[in-house]
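Enquirer:
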Amino acid sequence: MKIFKLLPKTALLIALTFSMISNLFAQSAEEGKTLFQANCTSCHAINEKVVGPALKDVHKRREEAWLVKWIKNSQKLIASGDAVAVLVYKENNESPMTAFENLSDNQIKSIIAYVKVESETAAPAKIAEIPTTVAAGGGNSNDFSSAINWLLVVIGLLLVGVIRYVFLILNRISDIQGKPAVNWNSINSILMIVFLVVGLGATVWEFMVHGKLTYFNEGPASEHGVEYDNMFMITLAITGVVFIITQVLLFWYGFKYKSDGKRKALYYPDNHKLELWWTAVPAVVLTVLVIRGLITWSHMTAKTEPSTRNVEIFAYQFGWNARYAGADNKLGKHDFRQVGKVNALGVDTADANAYDDIIVNELHLEVNQPVEFAFRAKDVIHSAYFPHFRAQMNVVPGLPTRFHFTPTVTTSEMREKKKDATFDYILLCNKICGGAHYRMKMKVVIDTKEDFQKWLKSQPVLVSGKSNSAAVALK
Ligand SMILES: [Cu+2]
28 MKIFKLLPKT ALLIALTFSM ISNLFAQSAE EGKTLFQANC TSCHAINEKV
78 VGPALKDVHK RREEAWLVKW IKNSQKLIAS GDAVAVLVYK ENNESPMTAF
128 ENLSDNQIKS IIAYVKVESE TAAPAKIAEI PTTVAAGGGN SNDFSSAINW
178 LLVVIGLLLV GVIRYVFLIL NRISDIQGKP AVNWNSINSI LMIVFLVVGL
228 GATVWEFMVH GKLTYFNEGP ASEHGVEYDN MFMITLAITG VVFIITQVLL
278 FWYGFKYKSD GKRKALYYPD NHKLELWWTA VPAVVLTVLV IRGLITWSHM
328 TAKTEPSTRN VEIFAYQFGW NARYAGADNK LGKHDFRQVG KVNALGVDTA
378 DANAYDDIIV NELHLEVNQP VEFAFRAKDV IHSAYFPHFR AQMNVVPGLP
428 TRFHFTPTVT TSEMREKKKD ATFDYILLCN KICGGAHYRM KMKVVIDTKE
478 DFQKWLKSQP VLVSGKSNSA AVALK
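When we follow this note's numbering, the leftmost residue of the sequence shown carries the number 28, and every step to the right adds one.
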């Protein structure tokens, strides 16, 4: 009967191994979650189509080895003639997915582990999230919250009824007494003061609490950003002071001069001197602000030296690319008719200037060096927004736009300043209509001269064989 003695131990061992394995699994799914959120959420969700297809159960429909190859470089897999890859690409209107050569096999596997975990816990279908009154199973959380909503509606209606009765009773009392039962004038005047205090208090609270979340705290990370922030602060200070004075006067006078039946309002039709002042002062202040703004704007959009590094920012539904001009510092021409599978940006293959161009999906810039940006959109209007650099420009199909700026704080310096080791600068799309503009995001890295050159050297040029070492030499 030795075997029975061993049984508990064996069971324990099995249980231990099992929990260790599942622990390992949980850990990698945890890592996968972070990676997924950092790299994939701009185009993918588990349960719905974003730019790419919903990834629910993708581990069931594809083999792991295939997934690893696909995620590393889907275009390569497609080009190799892989039937599944070609089909997936075709089904999704041939919008290319970003390559993730920098992710290791293990990292990709942990992303797949995360997708697997999420697929199991995700709702069975998108339909389930639409609240319906005819819930077959019943008893889910949607039923519960809709019951509460109905309850609130009923309570609200009852309250309106009660208030109506209170007024009816008050009217009856007034009729009987022959004078108003409630002095509405004094109640309204007190409400004026309450509104003033609560309103100003909420304004201050808003500044204190949500002011911390704005980009203003760490200061601008570009040269012109200093002037820009300065102007913003001056405008805010002037309008802030005027706002407080006018609001206090408005509500205070409403309170002070409530009608008490004894006072008679003074008839005061006009005063030319007063009107002159309150027209002239704001006019002068606004003119000064606007002229200052025009001067700043013309600095920001001035022509740059020909030696300034040229970078093209390319926007599409829904993502960004950047194209560096390469050794000649000349961006090759582009031609929308050439936009296609291998040439997603439609770079003109007949233009030799394009051969040494470098296309990336992570923007690196050298600190304290100006950059000249040319913007181009493939499909619809996008808006290139660099919040930390106080720069924004519309990206319009068929209409080239440009600006330049000089970054002044490297990513690592900003990480130190913010005491946040995970901080990254970003390029966002500021168009918020429909679709997924709000998810368009490109990481921006501000490097030291050495790091920037190292990075640029490691990027492949469009036509292999063209060295990009000269691009690095570019001042
Ligand atoms: Cu956009």
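Note that CB positions come from ideal geometry on N, CA and C, so glycine has one too.
Assuming H464 and F345 are in contact, meaning their beta carbons sit under 8 angstroms apart, how far apart are those beta carbons, in whole angstroms?
Expert: The count along the sequence shown starts at 1 and reaches residue 464 at position 437. The count along the sequence shown starts at 1 and reaches residue 345 at position 318. Contact flag correct, Cβ pair sits at about 6 angstroms.
Enquirer: Out of N210, I190, K368, W177, which has the shortest C-alpha to C-alpha gap to L104?
Expert: Residue 104 sits at position 77 when you count from the first residue of the sequence shown. Of the listed residues, the one whose Cα sits closest to L104 is K368.
Enquirer: Which word fits P247, buried or exposed, when buried means at least 16 other C-beta atoms lie within 10 angstroms of its C-beta?
Expert: Reading the sequence shown from its first residue, position 220 is the one you call residue 247. Per the 10 Å Cβ criterion, buried.
Enquirer: Confirm the yes/no value for this check: CB of M469, any heavy atom of ligand 1, distance under 6 angstroms.
Expert: Residue numbering aside, residue 469 sits at position 442 when the sequence shown is read from its first letter. Flag unset: Cβ of M469 not near ligand 1.
Enquirer: Could you give the first and the last residue of the continuous beta strand (DSSP E) run that contains V471?
Expert: In the sequence shown, counting from the first residue as 1, residue 471 sits at position 444. V471 -> beta strand (DSSP E) spans 468 to 474.
Enquirer: Count the other CB atoms, across all protein chains shown, that sit within 10 Å of the CB of L218; report buried if there are 16 or more and exposed otherwise.
Expert: For this step, residue 218 is matched to residue 191 along the sequence shown. Label assigned to L218: exposed.
Enquirer: Please go through the same chain and pick out, in chain order, the residues whose beta-carbon is closer than 8 angstroms to the beta-carbon of A140, but skip the five residues on each side of it.
Expert: Residue numbering aside, residue 140 sits at position 113 when the sequence shown is read from its first letter. Correct list, in chain order: F52, S55, A56, G59.
Enquirer: Throw me the rounded Cβ distance for the H409 and C456 pair, which I believe falls under 8 angstroms.
Expert: Counting from 1 along the sequence shown, the entry for residue 409 is found at position 382. Counting from 1 along the sequence shown, the entry for residue 456 is found at position 429. Going by Cβ atoms, the distance from H409 to C456 rounds to 5 angstroms, so yes, they are a contact pair.
Enquirer: Would a C-beta distance cut-off of 7 angstroms place P397 and T433 closer than the cut-off?
Expert: Counting from 1 along the sequence shown, the entry for residue 397 is found at position 370. Counting from 1 along the sequence shown, the entry for residue 433 is found at position 406. Cβ atoms of P397 and T433: closer than 7 angstroms.
Enquirer: Here's a check: name, in chain order, each residue in its chain whose Cβ is nearer than 7 angstroms to the Cβ of T159, leaving out the five neighbours to either side.
Expert: Within the sequence shown, the letter at position 132 stands for residue 159. Because T159 sits at a pLDDT of 36, beneath the cut-off of 50, its placement in the model cannot be relied upon, and the following sentence gives the value as read from the coordinates. Around T159: no qualifying Cβ.
Enquirer: In the DSSP output, what is P434 paired with across the bridge?
Expert: Residue 434 sits at position 407 when you count from the first residue of the sequence shown. S249.
Enquirer: Should L358 go down as buried or exposed, given a rule of 16 or more other Cβ atoms within 10 Å for buried?
Expert: The count along the sequence shown starts at 1 and reaches residue 358 at position 331. With 16 or more Cβ atoms within 10 Å of its Cβ, L358 is classed as buried.
Enquirer: So, for F127: in the same chain, excluding its five sequence neighbours on each side, which residues have a beta-carbon less than 7 angstroms away from its beta-carbon?
Expert: Here residue 127 refers to the residue found at position 100 of the sequence shown. Counting only Cβ-Cβ distances below 7 angstroms, and skipping sequence neighbours, we find N66, I98, K99.
Enquirer: Taking 6 angstroms as the cut-off, does the CB of C70 come closer than this to any heavy atom belonging to ligand 2?
Expert: What this structure holds is ligand 1, not ligand 2.
Enquirer: What span of residues does the alpha helix (DSSP H) with Y351 cover, start to end?
Expert: The residue you call residue 351 lines up with position 324 of the sequence shown. Where Y351 is concerned, there is no enclosing alpha helix (DSSP H), although the beta strand (DSSP E) it sits in stretches over 346 to 351.
Enquirer: Assuming F222 is part of the beta strand (DSSP E), what are its boundary residues?
Expert: Position 195 of the sequence shown, counted from the start, is the residue given in the question as residue 222. It is not in any beta strand (DSSP E) - F222 instead sits in the alpha helix (DSSP H) that spans 211 to 237.
Enquirer: Could you give the first and the last residue of the continuous beta strand (DSSP E) run that contains V338?
Expert: Taking the first residue of the sequence shown as 1, we reach residue 338 at position 311. 336 to 343 is the extent of the beta strand (DSSP E) around V338.
Enquirer: Between K458 and ligand 1, is the CB less than 6 angstroms from at least one heavy atom?
Expert: Position 431 of the sequence shown, counted from the first residue, corresponds to residue 458. Within the cutoff, so yes.
Enquirer: So the alpha helix (DSSP H) A310 belongs to, where does it begin and stop?
Expert: Here residue 310 corresponds to residue number 283 of the sequence shown, with the count starting at 1. Residues 299 to 327.
Enquirer: Could you tell me whether the Cβ atoms of A342 and V422 are closer together than 7 angstroms?
Expert: Sequence index remark: in the sequence shown, residue 342 carries index 315 (1-based). Sequence index remark: in the sequence shown, residue 422 carries index 395 (1-based). Going by C-beta atoms, A342 is nearer than 7 angstroms to V422.
Enquirer: Kindly indicate the opening and closing residues of the beta strand (DSSP E) around Q419.
Expert: Indexing the sequence shown from 1 puts residue 419 at position 392. From DSSP, the beta strand (DSSP E) with Q419 extends over 418 to 422.
Enquirer: By DSSP, does K87 sit in helix, in strand, or in coil?
Expert: Along the sequence shown, read from residue 1 onward, the residue named residue 87 stands at position 60. Helix.
Enquirer: Measure the beta-carbon distance from R350 to D384 and round it to whole angstroms, keeping in mind my assumption that it falls under 8 angstroms.
Expert: Reading the sequence shown from its first residue, position 323 is the one you call residue 350. Reading the sequence shown from its first residue, position 357 is the one you call residue 384. With a Cβ gap of about 5 angstroms, R350 and D384 count as contacting.
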